[in-house]
Each structure stands twice: as structure tokens, then as C-alpha cells.
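Enquirer: One point on numbering: in the working numbering, the residue at position 36 of the sequence shown is 22, and numbering is uninterrupted.
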Amino acid sequence: MPIDATQPYDDNNIFAKILRGEIPSNKVYEDDWAFAFEDINPQAEIHTLVIPKGRYVSWDDFSARASADEIAGFVRAVGEVARAKGLVEPGYRLLANVGGHGHQEVPHLHVHIFGGHPLGPMLMRR
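1) With a CB to CB cut of under 8 Å and the five nearest residues on each side skipped, what residues in its chain are close to Pro(-6)?
2) I'd like to check one pair, Phe48 with Pro38: are the Cβ atoms closer than 8 Å?
3) What did DSSP end up calling Glu16 once you bin it into helix, strand or coil?
4) What are the complete beta strand (DSSP E) segments, minimum 3 residues, inside the stretch 30 to 105?
5) Beta-carbon within less than 7 Å of Asn(-1)'s beta-carbon, same chain only, minus the 5 sequence neighbours each way: which residues are those?
6) Got a sec? Which residues, its chain only, sit under 6 Å from Asn83 by beta carbon, not counting five neighbours each side?
7) Going by CA-CA distance only, name the one from Arg6, Asp25, Gly7, Pro10 that's closest to His96.
Structure representation (C-alpha cells):
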């Protein structure tokens, strides 16, 4: 169910619990700024999630409140994961859903990395 990205951060969201080690995940990357793990319901051959370690509800929240170091660290982590997965040469897709219209389901900023095969058009045609 899509969430309202304007609401305060919820420390009980599933990604907060993953960061605290309360819920297991298949970790693929971690540094001071970010944590990456495989999606439990993959929508592509490669489907990895990258989340910041800070308490940010959405991309909007992150871009407004995160420090320059947090932003740089998170963006670099996304690139590091894509390179480690061998996705740069064949190509890949990044997706960050925000709010109800964007169909954001977890109130913690996360970027999906999709790859491993041609992904088709970005959006369904109307």
C-alpha cells in the first residue's frame, strides 16, 4: 500500500529493522552511508535495494535534510553496487518511488537497481 511521504520517519518500518539487524537480509554492500541488499520479491534478474543509513522517508526528505557527505556517500554507494554487479556496460535502471502517486511502499528512502536483461520501456504506455 503506498505511503504518504510527507509523514515523519517511522522507526518501525521494515528497512529500519533491517538496518538494526532485527530482520535478516541478503547483504551485498555496506559502508558508513548506505546498506544494500537483494530484494525478496525481485522484479528483474538483478534487483537490489540501496538504502541510506539515515532516517529519511523519501528522496524529497533526503534531498532537503541530508548533509552533503550523506548525499555523496549514498550516491557513490549506488554506483558501487551497480559496478560490483557488472551492470555498467550492459546498462541498468534506477528507481526511487516517492509517495502515493509514485507507489512508495516503505517509508524509508530506497533506490531499486534493476538489471541483468533488457528492461523494456520505462513506463507503460497510456
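A virtual CB, placed ideally from N, CA and C, is assigned to each residue, including glycine.
Expert: According to the structure shown:
1) What you label residue -6 is simply residue 8 of the sequence shown in a count that begins at 1. Around Pro(-6): Val43.
2) Along the sequence shown, one-based indexing puts residue 38 at 52. Along the sequence shown, one-based indexing puts residue 48 at 62. Yes; because the gap between Cβ atoms is below 8 Å, this pair is in contact.
3) Position 30 of the sequence shown, counted from the start, is the residue given in the question as residue 16. Strand.
4) Taken in chain order, the unbroken stretches of beta strand (DSSP E) that lie wholly in the stretch 30 to 105 and span 3 residues or more are 32 to 38, 79 to 81, 97 to 101.
5) The residue labelled residue -1 in the question sits at position 13 within the sequence shown. These residues qualify, in order along the chain: Val92, Pro93, His94.
6) One-based indexing of the sequence shown puts residue 83 at position 97. So the qualifying residues of the chain are His89, Gln90.
7) For this step, residue 96 is matched to residue 110 along the sequence shown. The residue with the shortest Cα to Cα distance from His96 is Asp25.
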